[in-house]
Every structure is written in C-alpha cells, then in structure tokens.
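Student: My questions all concern the structure below.
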Amino acid sequence: MEKLLEVKDLEVSFKTYAGEIKAVRGVSFDINKGEIVAIVGESGCGKSVTAQSIMRLIPMPPGIIKKGSIIFEGRDITKLSEREMEHIRGSEMSMVFQDPMTSLNPTMKVGAQIAESLIKHQKMHSKEAWKKAIEMLKMVGIPNAEKRANQYPHEFSGGMRQRAMIAIALACNPKLLIADEPTTALDVTIQAQILDLMRDLQKKLNTAIIIITHNLGVVANLAERVLVMYAGKIIERGNLDDIFYNPRHPYTWGLLMSVPTPDLDKSKKLASIEGTPPDLFAPPVGCPFAPRCEYAMKICYEKYPEEFTVSDGHSVACWLMHPLAPKVKPPVGKGVTLS
Amino acid sequence: MMVEGMPLVEIKNLKKYFNVGRGAVLKAVDNVNLQIREGETVGLVGESGCGKTTLGRTIVRLYEPTAGEVLFEGKNVHKLAGQQLKEFNRKAQMIFQDPYASLNPRMTVRDIIGEGIDIHGLYKNKERTERIYELLSLVGLNKEHANRFPHEFSGGQRQRIGIARALAVEPKFIVCDEPISALDVSIQAQVINLLMELQQKLKLTYLFIAHDLSMVKYVSDRIAVMYLGVIVELATSEDLHKKPLHPYTQALLSAIPIPDPETERKKKRILLEGDVPSPINPPKGCRFVTRCRYAKPICTEQQPELKEVEKNHFVACHLY
Numbered sequence: 001m002e003k004l005l006e007v008k009d010l011e012v013s014f015k016t017y018a019g020e021i022k023a024v025r026g027v028s029f030d031i032n033k034g035e036i037v038a039i040v041g042e043s044g045c046g047k048s049v050t051a052q053s054i055m056r057l058i059p060m061p062p063g064i065i066k067k068g069s070i071i072f073e074g075r076d077i078t079k080l081s082e083r084e085m086e087h088i089r090g091s092e093m094s095m096v097f098q099d100p101m102t103s104l105n106p107t108m109k110v111g112a113q114i115a116e117s118l119i120k121h122q123k124m125h126s127k128e129a130w131k132k133a134i135e136m137l138k139m140v141g142i143p144n145a146e147k148r149a150n151q152y153p154h155e156f157s158g159g160m161r162q163r164a165m166i167a168i169a170l171a172c173n174p175k176l177l178i179a180d181e182p183t184t185a186l187d188v189t190i191q192a193q194i195l196d197l198m199r200d201l202q203k204k205l206n207t208a209i210i211i212i213t214h215n216l217g218v219v220a221n222l223a224e225r226v227l228v229m230y231a232g233k234i235i236e237r238g239n240l241d242d243i244f245y246n247p248r249h250p251y252t253w254g255l256l257m258s259v260p261t262p263d264l265d266k267s268k269k270l271a272s273i274e275g276t277p278p279d280l281f282a283p284p285v286g287c288p289f290a291p292r293c294e295y296a297m298k299i300c301y302e303k304y305p306e307e308f309t310v311s312d313g314h315s316v317a318c319w320l321m322h323p324l325a326p327k328v329k330p331p332v333g334k335g336v337t338l339s
Numbered sequence: 001m002m003v004e005g006m007p008l009v010e011i012k013n014l015k016k017y018f019n020v021g022r023g024a025v026l027k028a029v030d031n032v033n034l035q036i037r038e039g040e041t042v043g044l045v046g047e048s049g050c051g052k053t054t055l056g057r058t059i060v061r062l063y064e065p066t067a068g069e070v071l072f073e074g075k076n077v078h079k080l081a082g083q084q085l086k087e088f089n090r091k092a093q094m095i096f097q098d099p100y101a102s103l104n105p106r107m108t109v110r111d112i113i114g115e116g117i118d119i120h121g122l123y124k125n126k127e128r129t130e131r132i133y134e135l136l137s138l139v140g141l142n143k144e145h146a147n148r149f150p151h152e153f154s155g156g157q158r159q160r161i162g163i164a165r166a167l168a169v170e171p172k173f174i175v176c177d178e179p180i181s182a183l184d185v186s187i188q189a190q191v192i193n194l195l196m197e198l199q200q201k202l203k204l205t206y207l208f209i210a211h212d213l214s215m216v217k218y219v220s221d222r223i224a225v226m227y228l229g230v231i232v233e234l235a236t237s238e239d240l241h242k243k244p245l246h247p248y249t250q251a252l253l254s255a256i257p258i259p260d261p262e263t264e265r266k267k268k269r270i271l272l273e274g275d276v277p278s279p280i281n282p283p284k285g286c287r288f289v290t291r292c293r294y295a296k297p298i299c300t301e302q303q304p305e306l307k308e309v310e311k312n313h314f315v316a317c318h319l320y
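Following this line, the structure appears as structure tokens:
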C-alpha cells in the first residue's frame, strides 16, 4: 500500500500563562492511501491537536510544533509557508468539524460555500462551480439540491449541515479527509446516515479518512485501523479486530469495558477507570496511565515503555509486554494470555 | 426485572405547549401518560427536540403544564402550595446535563450543597458541616473539596457535586437529565455506577433521560421512547431491546453503533430517511408517518393510541 501521510515524532505544545501544556508528546504514525483510521481517546488526550497539526490549523502562538515532521505526499508540511499551505488545505486535504452549527459561514449561501473552494483551487468559473456544488449536494444525499444550494445554513437541520460540511470538504476531491468528531453533535439516526455516507464516499472517491472520536461504536462501524491515544501519546495501535478482540494495553481494556454492550446484565457493575488523566503541564516521566492502572509495576512510574510488537501492525506501549513482566490475562476481548 | 409497587409519580394526559410567536404553537409534550413506581428507574429516550427534557422539567415543576396533571404521592404537584409545596420541592430533585452550567461559579461547593439543607432547615451548624462531608464522601469526593469553587473541578467531579446537591435534601425521586452525555467514556461509567449504588442504598426512584440507548438499557427497569412529543413505545428494558415493536424504536435500536466490529459488519441497519419534522407543525395522524416504512393510509389520518399489545408492552402504532 502506498503511504499518503507520515507523522514522525510529532511534539506540539501550547504556551499559556500557567506554563507549557505538552498536548502531543512524540506521536508517529502513517496513513495509507484510501484507508480509514480512527484516533480514539478521551478529551485532552491530544487527538484533536494531532489532527489540527496535520492541517496546520494550530494557532501559533500560543501553539508550537516543537519537534517532528509531517510528511504529506513527500513534502514536510511543517516547513511550508502559509501561502503554500493554503494550496494544500481544502484541495489535497480537508477537514470536517464536530459542530456543524459554528463551522459554516452563516452569511453565505451553502452553494456558494462549496463553490468557493472550487473557484479557488480548481480555477473554475463561478457558473461551473455552482453546478458542481449542486452535484456535490446531491452526492451527499441532500434532496432538492438546486433549491438547497440557494439557502443559508440556518435553514438546514443539524444532519443536513453536516452533510453540507462534508460536501465542502470533498468538493476538490482531497486525498485526505480529517473528520474530528463528525457525529458527536448529531442524533443516532442521523449519525447512522452520516457514517454510511462517509463509507460510501470513501469507496467511491478512494479518500483516506482520519476519524477522531471517543465513541467506540463509531470506530467499530467505520475504521480499518485504530490508534489509541492517552495523555499525548499513542499507547496502542492495530487493526480494528486487534484492538477490539486482542487489546493489550490496560487503558484500552478500560475503554472497552466502560461502554455497556446491549447484552450486559444490569446486576453487573460497569468497569470504570478510576481517577482522571494526568496534568499535561507536568506530564509524568513514566507511563502516564500508571496511576490509574491496576497492573502498574515499579518501572511504570520510572520509565516510559517502548513499543512492543504484538503482531504485524499491532503494537502497544506497555511494560506488561516485557518478557520479564508477570503474565496478565486481558479482561476483555477474545485474546489469549499475554506471552 | 419489574419493580412492583405503588406509583410514586403519575403523569396524566400531560401537555406542554410553547408559544413561539406569530400564533405558532410548539407542542413539546403532547398528551403523555406515564407511571413511575417507587424504587424503579424509568428511562426516557428519544432524539433531540422530542420533548424528553420538557417532560422531565414539567414533572419537577420547572414548567407549568398546558393541560393534564402530574401526581406525586397522589397529589397534583402543580396545585401544591405552602408547606406541601416545600415538601415536594425537597422530595423531587433534578440532576442536569451540563455540569459546567448548572453550578453557581461564585459559590463554594460547601454552599452549593448546603443551600438546600438551609432552605429546608434539615441540619444546622456542626451537623450541617458533617452532613456536607458525608455527602461529599458518598459521591466519591472528600472534605478538602468543600471550600473550593466549581471551576477547580473536572467535568466528572462537577457532575458528582451536582449529584451531592440533589441528594442533600434526602429526595425520593430524581430526574436525571442526560447526566453523563457531557462526560468522557471512562468517567461516564464512574457516574453511572455511583447513581446505581445510591439508588440501592437510598431507595431512590429515577427518571433517566438520555439519548444513549445502550446506557439507558443498562440502568433502566422500563424504557419509554418518545418521538415528537408523544410516547410511542413503553416496555421493560429487556422486551424493548429483544422485541421492539414500533418502527421508530426498531430504527433507533439499529442505528446505534455497537462497539463490536463483527456485529457491526453483520448488522442490517434500518436507515431512516430525512430528519425529524418540526414539532411546530407535526404531521397529522401518526407523528412518525413521514419517515415510516410501513405507513398506511390510516396513519396519516388518525393518531394511534398507546395500547398494551403484550403484557407490560405498550405501543402507539396502527400496525398492532
């Protein structure tokens, strides 16, 4: 498979009056052409900051990319000028945000917002761009597209706005689409529509998608590969089935167990992860999850674990994987005991 | 599991309309009947704008109803006055969705929790302080937290403060309005476990409003599904999941993505076309008719009544 994006050892910080927040602390991953990768984790784990760094949407200052490179189709985008970046953003890669209410321009017709990027990036004439805009609206399943293109965002419902956002993002046929919690603000029946739409479009246009979410159901529905983030680091990565059926990191176990499955008995307690994530002003030296981890050993507090390979494409940053560590049976998944 | 007992709350033909100007009326709750028995948890699910929060708020008297009544321990709550009203306000409490907006930022945790205790004159001086500490430890916080302000806490901790505040006046009935939807997954489980523990310990009755059906299934004894201001289905949480009868419930259940890749790959989804119509001019007849796969002529003419088609399983649909 061909690599589209390569993030290497990325570190992003924010300078605030209270000190420096280390939001992303050394993250590396690849995205291949046309694949769907999910980044999961809780709020504040750095998943959105990672995505925004790829789009170069981090406000600087206060944000700074301290280290690392983001290579998109052979070019390191951390080194591009803002003007060069403008050519890539919206045409080669684009983003769909969580809140469709605030991310559309309320003073512009929806059709014009789609046509805008076509005129800018593909140098289309306005008439041609308008036609394409209507086509895009049809593609994302908006009925009466001709009429709808002439309306303003406030005349659209939440689900329709998110469809319009996707239409804008896909208008120039980008190679990479980043969807940051695209369905969190939507109702379940509308969420199902949007997820279906994204999958269809990915098949049709062969766009690679990075989907950022904390909803494991959405991940299971859409993703092919999963990156699990915690406190600014990727703590486990693997194919969808690796993560759900053979998870190896205690945090992943906790995440998987804290969502009730439909057949969960009421008499059983939900497994919760006690405590809260660490303060990223002063991230711990060792594993950031150690204080909440019931399997924590002495070394976990002292040294950040290296990434251990479980199988091809599946790796985990946890000391339990060390050959000398005690054997622990994962409480979830169909997995075997750790070897 | 059914909790057999006296109804603690009885909602009879309750209507709550809002005037939205130019003579238009938004029918947020339209003729709802529901009984909540002592000690049980009733889940109330539906999509945004279906009236579930309005229903919850009308029950605890945050809204005056347009028509119909709510009986709490046999008395109409909207007709209460004086001492009886005060007693109702103590017994029925609410936990809000947004832990950031529902705590007064200028009050310490001690005063937030103590306010209800003072109003109802439950404890004084040393006893009051002890009670506050006891409540804090009950919800998993400690006494050092008492002198802090809400902004010093995380979302999950704030929700715990909101729960402690509700429990401070020793209520019998709590309306939980989406208590976990603003929280992270691992924190959601903490709060849910806490709510269920407290229910057992303190014999509480809950009306649990949420849109996360798998969580609602886990906490509730019975579930009511709302669509555009009406209850379309009411059943035990087991029955509702095993055998959803209303086409809307079926679609809703199939739309939830399950955190299991194999189930997701196999699942046949019932996709609903379009959006929820506006509650200002809801469709004639059955409210769901515009999106229903099985719609018949009668569905556009006559609104179906909620009827018991199987034991303890109620559905409002012309198919049954």
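Chains as they are written, first to last, in the UniProt record's numbering: chain W, 1 to 339; chain H, 1 to 320.
Quick reminder that beta carbons are idealized off the backbone N, C-alpha and C, glycines included.
1) I'd like to check one pair, asparagine 206 of chain W with glycine 68 of chain W: are the Cβ atoms closer than 8 Å?
2) Quick check on this structure: which residue in H/Arg165, H/Gly49, H/Ser181 has the alpha carbon closest to the alpha carbon of glutamine 97 of chain H?
3) Expressed to the nearest angstrom, what Euclidean distance is found between the alpha-carbon atoms of asparagine 215 of chain W and isoleucine 39 of chain W?
4) Rounded to the nearest angstrom, what separates lysine 284 of chain H and proline 304 of chain H at their Cα positions?
5) What is the C-beta distance between proline 277 of chain W and glutamate 42 of chain W, in whole angstroms, given that I count them as a contact (C-beta under 8 Å)?
6) For the region 239-271 of chain W, which segments carrying the alpha helix (DSSP H) assignment without a break, of at least 4 residues, lie completely within its bounds, in sequence order?
7) Report yes if the CB atom of proline 247 of chain W is closer than 8 Å to the CB atom of valine 332 of chain W, and no otherwise.
8) So what does methionine 226 of chain H bridge to, in DSSP terms?
9) Taking the alpha-carbon positions, what's the leucine 256 of chain W to aspartate 99 of chain W distance?
10) Interface residues of chain W around tyrosine 218 of chain H at Cβ under 8 Å?
11) For aspartate 312 of chain W, count neighbouring Cβ atoms within 10 angstroms of its own Cβ and tell me buried if that reaches 16, exposed if not.
12) Which residues of chain W have a Cβ atom closer than 9 Å to the Cβ of histidine 211 of chain H, listed in chain order?
13) Do leucine 118 of chain W and alanine 171 of chain W have their CB atoms nearer than 8 Å?
14) With distances taken from CA atoms, which of H/Thr129, H/Leu71, H/Val29 is nearest residue 323 of chain H?
15) I want to verify the contact list: residues of chain W whose CB lies under 8 Å from the CB of aspartate 184 of chain H, in sequence order.
16) If you compare alpha carbons, which of W/Ile194, W/Ser81, W/Met55 is closest to threonine 184 of chain W?
17) Which one of W/Leu264, W/Ile58, W/Leu5, W/Asp196 has the shortest CA to CA distance from valine 140 of chain W?
18) Could you tell me the distance, in whole angstroms, from the CA atom of glycine 229 of chain H to the CA atom of glutamate 10 of chain H?
19) Rounded to whole angstroms, what is the Cα-Cα separation between glutamine 188 of chain H and isoleucine 95 of chain H?
20) For tryptophan 319 of chain W and valine 226 of chain W, I'd like the C-alpha separation in whole angstroms.
21) Between valine 96 of chain W and chain H, is there a C-beta pair that is closer than 8 Å?
22) Using a Cβ cut-off of 9 Å, pull out every chain H residue sitting near phenylalanine 244 of chain W, in sequence order please.
23) Tell me, please, whether the region 229-238 of chain W touches the region 13-31 of chain W by the rule of three or more beta-carbon pairs shorter than 8 Å.
24) Hey, would you say leucine 207 of chain H sits closer than 8 Å to leucine 44 of chain H, going by beta carbons?
25) Compare the Cα-Cα distances from glutamate 152 of chain H to each of H/Lys75, H/Arg61, H/Glu170, H/Tyr100 and report the closest residue.
26) At which residues does the beta strand (DSSP E) containing arginine 25 of chain W begin and terminate?
27) Closer than 8 Å, CB to CB, is glycine 217 of chain W near chain H or not?
28) Assuming histidine 121 of chain W and serine 91 of chain W make a contact with CB atoms under 8 Å, what is their CB distance in whole Å?
29) Which chain H residues are close to glutamine 202 of chain W, counting only those with a beta carbon under 7 Å from its beta carbon?
30) At least one CB of chain W closer than 8 Å to the CB of glutamate 47 of chain H: is that the case?
31) Applying a beta-carbon distance threshold of less than 7 Å, which residues of chain W neighbour serine 102 of chain H?
32) Assuming isoleucine 194 of chain W is part of the alpha helix (DSSP H), what are its boundary residues?
33) Taking tyrosine 63 of chain H as the reference, give the member of H/Glu197, H/Thr108, H/Tyr17 with the closest Cα.
34) List, in order along the chain, the chain H residues whose C-beta lies closer than 7 Å to that of residue 341 of chain W?
35) With a cut-off of 8 Å, do at least 3 Cβ pairs link the region 33-51 of chain H to the region 209-225 of chain H?
36) Name the one or two DSSP bridge partners that proline 7 of chain H has.
Tutor: With the structure as the only source:
1) Result no, Cβ atoms of glycine 68 of chain W and asparagine 206 of chain W do not sit closer than 8 Å.
2) Here the closest residue by C-alpha is H/Ser181.
3) In this structure, the alpha-carbon of asparagine 215 of chain W lies about 10 Å from that of isoleucine 39 of chain W.
4) Roughly 11 Å between the two C-alpha positions.
5) At roughly 6 Å, the Cβ-Cβ gap stays under 8 Å, so proline 277 of chain W and glutamate 42 of chain W are in contact.
6) Segments of the alpha helix (DSSP H) lying fully in the region 239-271 of chain W: 240-245, 250-257.
7) Between proline 247 of chain W and valine 332 of chain W, the CB-CB gap stays under 8 Å.
8) According to DSSP, methionine 226 of chain H bridges with H/Ile231.
9) Going by the C-alpha atoms only, they are around 26 Å apart.
10) Pro260, Leu264, Lys266, Leu270, listed in chain order.
11) Exposed is the call here.
12) Per Cβ cutoff of 9 Å: Asp187, Val188.
13) For leucine 118 of chain W and alanine 171 of chain W, yes; Cβs fall inside 8 Å.
14) Since the first residue shown for chain H is 1 and the last is 320, residue 323 of chain H is missing from the structure and cannot be characterised.
15) Simply Glu42, Ser43, His214.
16) The residue with the shortest Cα to Cα distance from threonine 184 of chain W is W/Ile194.
17) Minimum Cα distance to valine 140 of chain W is reached at W/Asp196.
18) In this structure, the CA atom of glycine 229 of chain H is about 17 Å from the CA atom of glutamate 10 of chain H.
19) Between glutamine 188 of chain H and isoleucine 95 of chain H, the C-alpha separation is close to 14 Å.
20) Distance between the alpha carbons of tryptophan 319 of chain W and valine 226 of chain W is about 20 Å.
21) Valine 96 of chain W does not count as touching chain H.
22) The answer, in chain order, is Pro259, Asp260, Pro261, Glu262.
23) The region 229-238 of chain W vs the region 13-31 of chain W: in contact.
24) Closer than 8 Å, so yes.
25) Distances from the alpha-carbon of glutamate 152 of chain H to those of H/Lys75, H/Arg61, H/Glu170, H/Tyr100 put H/Tyr100 closest.
26) Per DSSP, arginine 25 of chain W is one residue of the beta strand (DSSP E) stretching across 19-32.
27) Closer than 8 Å to some Cβ of chain H, the Cβ of glycine 217 of chain W qualifies, so yes.
28) Right, their Cβ atoms sit about 4 Å apart.
29) Within 7 Å Cβ-Cβ: nothing; glutamine 202 of chain W doesn't reach chain H, min ~16 Å.
30) Chain W, which has a Cβ nearer than 8 Å to the Cβ of glutamate 47 of chain H, makes this yes.
31) Residues of chain W whose Cβ lies closer than 7 Å to the Cβ of serine 102 of chain H do not exist; the shortest such Cβ separation is about 19 Å.
32) Where isoleucine 194 of chain W is concerned, the enclosing alpha helix (DSSP H) stretches over 188-205.
33) It is H/Tyr17.
34) In the structure displayed, chain W extends from 1 to 339; residue 341 of chain W sits before or after that span and is not available.
35) Cβ pair count under 8 Å is three or more, so yes.
36) Answer is H/Arg37, bridged to proline 7 of chain H.
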